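Protein chains in written order, with my numbering: chain P, 65 to 402; chain V, 15 to 372.
Even for Gly, the Cβ is constructed at its ideal location relative to N, Cα and C.
A quick note: this is a predicted structure, and the numbers were derived from the prediction, not measured.
What follows is a single structure, written as structure tokens, with notes after it.
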């Protein structure tokens, strides 16, 4: 089991390195536009050259990639010039590990820009995930157990209708009616737990979280319902009944164990995706999360930020894959760990 | 075993009387079992033979009460050891399931839960009906696995079903069925999903355990070879009804009904003359939604013209003795079936043995 976990983690790391290479090849092959975007409209050739040298854009792509990797692991200097460090250390900015690059637009290191946004996105994602998993799976189970009745139809129908509404519509609806008109919820804003405690934090992110959750919920309701129904026709469920187990034990132990296992996979992947930011939800509620940051960076040609976010998001997805793989080896005895 | 001593061989255990199982569907009523009557005595084996859709499995699931809370309508009478099962409450029926009547299913791989160890599943079956600790149930599971011939049962008890071979899985299913020492075991095609080489071992094991536990067995099969080896009595089913019923040897040697003849003619015999022909039964099993009028086998019966008029298509034949043996009954309008079988059917498929019995 340990060797299996280590191997999965190593494969995950290798995938992440390949991911950064692909990202670099796509983004940094032509940096002229990025340099232009970095110094404005009336850019002199000398200025361009200085900026390109400072940001390391004058190196070939593979050298840039190598320096990026080194920065992530050990930190790096801007500009990366040993002679300048010796002569004029005050002109050199040191970016400590994990260094994801320097954003000229923000006049700041990418990691420092992302760090704040990251906690906003993680807060929304984790609360939304909890809501859609708990309620979605629960409703799916109820719909499956009440299959064909009006309860089933209402659950599946309502979640589907909500799913069909665009996120910005649901978001604004919740914002206007639940926060502004009725005042039942606090006006959404992000307060770190360290500053205002758990309840202030939760109250501030609950509406964006619900907005994000209802989008995923419909899928989980349908998926759970389908898996539970499919499992309940399996031969081993009939065996469990034939043993004389109560309906409660047959459903609670035998049906759910098999039906809910595939949901772990889906949940892991979906959580990774929302951790990387939810652009529309963050924009509607004006939360400065990774999603909103990615949109801004793209519009402003802030390539280092974009690379940082892509790498960050890939890391989440790869990590989720590794966790799901390892979790599966515990859940399903048929998954060979040798 | 605990209550085996009080069991008397030959004492009637199960009476199924005029059992009807109908399913309501969008297309109409599926008459899966339509007026089935049979008895099984303690220590005896009844073989139920028939094609897919003849109602053999459905009637057995009715004994376990597994049609409850479905779209099935069950009526008639199922009396097990003096208790009328159809009038029991759901909870009382549940207490009987696995304890007084247990089932061995066809495909042991899909019938065992993939996520629980074999020992846990056997132990669970024991703990439902016995107030024992987990470790006692585990010990019982090890004992049962040893009894059904799993080598090193104390180590294999923690294995998962996918780590067992097909034959071992079926042995584990048998261990699970017998863990509460039930009076009646229903084996639904227990060897169909297994290698031919393993089939005989499983049948031998069932027979050995039957002697040890003195339980009654209903073995459901479409394989007359299995019936010949295992069963004391045979019940041939067609279209949800019993069409022939009798002691095994008597029924196999003197079948009285064209459907049984068809089944016998379609069995290959390795020791027989290679010139003997295999004769499949023409046509398909009847629709249970709109069963044919009269005898449900008449559309496929090559002897229907021997019966005068349109009787086969209009009148349902009664189950009655044709041989003088009251235990051997059949459902057919043909006069003198014995002579027709010897002279025409047997002469056609196995010329060398025709007439030997006369």
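Chain P contact for residue 80/V (CB, 8 Å cutoff): Numbered from its first residue, the second chain carries residue 80/V at position 66. At least one C-beta of chain P is nearer than 8 Å to the C-beta of residue 80/V.
Alpha-carbon spacing of residue 98/V relative to residue 44/V, whole angstroms: For the purposes of this step, residue 98/V is taken as the residue at position 84 of the second chain. For the purposes of this step, residue 44/V is taken as the residue at position 30 of the second chain. Their backbone Cα atoms lie some 25 Å apart in a straight line.
Contact set between residue 2/V and chain P, taken where Cβ atoms lie within less than 7 Å: With chain V running from 15 to 372 in the structure shown, residue 2/V is simply not present.
Burial state of residue 371/V, where buried means 16 or more other Cβ atoms lie within 10 Å: By 1-based counting over the second chain, the position of residue 371/V is 357. Low per-residue confidence applies at residue 371/V: pLDDT is 47, beneath 50, and the placement is therefore not dependable, though the value from the model is reported in the following sentence. Residue 371/V is exposed by the Cβ-count criterion.
Beta carbon proximity, residue 272/V to chain P, threshold 8 Å: Taking the second chain and counting its residues from 1, one reaches residue 272/V at position 258. No - not a single Cβ of chain P is within 8 Å of the one on residue 272/V.
Simplified DSSP state of residue 286/P, which is helix, strand or coil: Walking along the first chain from the start, residue 286/P turns up at place 222. Looking at residue 286/P - three-state DSSP - the assignment turns out to be helix.
Residue 163/P beta carbon near the ligand ADP (any heavy atom closer than 7 Å): As far as ligands go, the structure on display features none, and thus does not contain the ligand ADP.
Min CB distance residue 326/P to chain V below 8 Å: Stepping through the first chain from its first residue, residue 326/P is reached at position 262. Chain V places no beta carbon closer than 8 Å to that of residue 326/P, leaving this residue out of the contacts.
Environment of residue 40/V [buried if 16+ CB atoms lie within 10 Å]: As a working note, residue 40/V is residue 26 in the second chain. Residue 40/V comes out exposed.
Own chain, CB closer than 8 Å to residue 282/V, minus 5 neighbours either side, in chain order: Position 268 of the second chain, counted from the start, is the residue given in the question as residue 282/V. Cβ-Cβ distances below 8 Å link residue 282/V to 292 in the same chain, with the five nearest sequence neighbours on each side left out; the list follows chain order.
Residue 126/P, buried or exposed, once every other Cβ within 10 Å from all chains shown has been counted against 16: The residue you call residue 126/P lines up with position 62 of the first chain. An exposed status is given to residue 126/P, since fewer than 16 other beta-carbon atoms sit within 10 Å of its beta-carbon.
Distance CB(residue 275/V)-CB(residue 355/V) smaller than 8 Å: For the purposes of this step, residue 275/V is taken as residue 261 along the second chain, with counting starting at 1. For the purposes of this step, residue 355/V is taken as residue 341 along the second chain, with counting starting at 1. Contact check for residue 275/V against residue 355/V passes: the beta carbons are separated by less than 8 Å.
Assigned exposure category for residue 227/V - 16 Cβ within 10 Å defines buried: Sequence index remark: in the second chain, residue 227/V carries index 213 (1-based). When all chains shown are included, residue 227/V counts as buried.
As assigned by DSSP and simplified to three states, the class of residue 32/V: Reading the second chain from its first residue, position 18 is the one you call residue 32/V. Of the three classes helix, strand and coil, the one that applies to residue 32/V here is strand, per DSSP.
Distance between residue 101/V and residue 107/V (C-alpha atoms, nearest Å): In the second chain, counting from the first residue as 1, residue 107/V sits at position 93. In the second chain, counting from the first residue as 1, residue 101/V sits at position 87. Between the alpha carbons of residue 107/V and residue 101/V lies a distance of about 9 Å.
Residue 309/V, enclosing alpha helix (DSSP H) - first and last residue: Mapped onto the second chain, residue 309/V falls at position 295. Note, residue 309/V: premise wrong, no alpha helix (DSSP H); not H, not E.
8 Å Cβ cut-off: residues of chain P touching residue 127/V: As a first step, residue 127/V is located in the second chain; it is residue number 113 there, counting from the start. Near residue 127/V (Cβ distances below 8 Å), the residues of chain P are 300, 303, 304, 318, 321, 322.
Residue 172/P - partner residues in DSSP beta bridges: Residue 172/P sits at position 108 when you count from the first residue of the first chain. According to DSSP, residue 172/P bridges with 167/P.
The region 143 to 161 of chain P in contact with the region 115 to 126 of chain P per 3-pair CB rule at 8 Å: Yes: at least three Cβ pairs fall under 8 Å.
Under the three-state DSSP convention, the category residue 370/P falls into: For this step, residue 370/P is matched to residue 306 along the first chain. Assignment of residue 370/P by DSSP, reduced to helix, strand and coil, places it in the helix class.
Within-8 Å CB hit, residue 209/P to chain V: Residue 209/P sits at position 145 when you count from the first residue of the first chain. Residue contact with chain V for residue 209/P: absent (no Cβ-Cβ distance below 8 Å to any residue of chain V).
Nearest candidate by alpha-carbon position, reference residue 96/V, set 120/V, 119/V, 30/V: Along the second chain, one-based indexing puts residue 96/V at 82. Ranking the options by Cα distance to residue 96/V, first place goes to 30/V.
Burial state of residue 179/P (16 or more Cβ within 10 Å): Mapped onto the first chain, residue 179/P falls at position 115. So residue 179/P ends up on the exposed side.
8 Å contact criterion, which residue 130/V and residue 396/P should meet: CB distance rounded: Here residue 130/V corresponds to residue number 116 of the second chain, with the count starting at 1. Here residue 396/P corresponds to residue number 332 of the first chain, with the count starting at 1. About 11 Å separates the two Cβ atoms, so there is no contact after all.
Distance, residue 359/P Cα to residue 142/P Cα: By 1-based counting over the first chain, the position of residue 142/P is 78. By 1-based counting over the first chain, the position of residue 359/P is 295. Rounded to the nearest angstrom, the two C-alpha atoms are 25 Å apart.
Alpha-carbon spacing of residue 17/V relative to residue 197/V, whole angstroms: Indexing the second chain from 1 puts residue 17/V at position 3. Indexing the second chain from 1 puts residue 197/V at position 183. In this prediction, residue 17/V scores a pLDDT of 47, lower than 50, which makes its location untrustworthy; the coordinate-derived value is nonetheless stated afterwards. About 9 Å.
Between the CA atoms of residue 301/P and residue 181/V - distance to the nearest angstrom: Against the second chain, residue 181/V aligns to sequence position 167. Against the first chain, residue 301/P aligns to sequence position 237. Their backbone Cα atoms lie some 21 Å apart in a straight line.
Nearest-angstrom Cα separation, counted from residue 385/P out to residue 71/P: The sequence position of residue 71/P within the first chain is 7, counting from 1. The sequence position of residue 385/P within the first chain is 321, counting from 1. Between residue 71/P and residue 385/P, the C-alpha separation is close to 13 Å.
Own chain partners of residue 248/P with C-beta closer than 7 Å, once the 5 adjacent residues on each side are dropped: If you number the first chain from 1, residue 248/P lands on position 184. These residues qualify, in order along the chain: 242.
Minimum Cβ-Cβ distance from residue 155/V to chain P less than 8 Å: Here residue 155/V is taken as the residue at index 141 of the second chain, counted from 1. No Cβ of chain P is located within less than 8 Å of the beta carbon of residue 155/V.
Reduced DSSP secondary structure (H/G/I, E/B, other) of residue 326/V: Sequence index remark: in the second chain, residue 326/V carries index 312 (1-based). Reduced to three states, the DSSP call for residue 326/V is helix.
Reduced DSSP category for residue 294/P - H, G, I as helix; E, B as strand; rest coil: Translated into positions along the first chain, residue 294/P becomes position 230. In the displayed model, residue 294/P falls within a helix according to three-state DSSP.
Proximal residues to residue 310/V (C-beta, below 7 Å), its chain only, five neighbours per side dropped: As a working mapping, residue 310/V is identified with position 296 in the second chain. 252, 253, 255, 300, listed in sequence order.
CB contact check: residue 389/P to chain V, cutoff 8 Å: Your numbering for residue 389/P matches position 325 in the first chain. Look at residue 389/P: its C-beta is not under 8 Å from any C-beta on chain V.
Sub-8 Å separation of residue 148/V and residue 133/V beta-carbons: On the second chain, residue 148/V is found 134 positions in, with the first residue counted as 1. On the second chain, residue 133/V is found 119 positions in, with the first residue counted as 1. Not in contact: residue 148/V and residue 133/V (Cβ atoms no closer than 8 Å).
Chain V contact residues for residue 296/P, given Cβ-Cβ distances below 7 Å: Taking the first residue of the first chain as 1, we reach residue 296/P at position 232. The premise fails here: residue 296/P is roughly 12 Å from chain V at the closest Cβ pair, so nothing lies under 7 Å.
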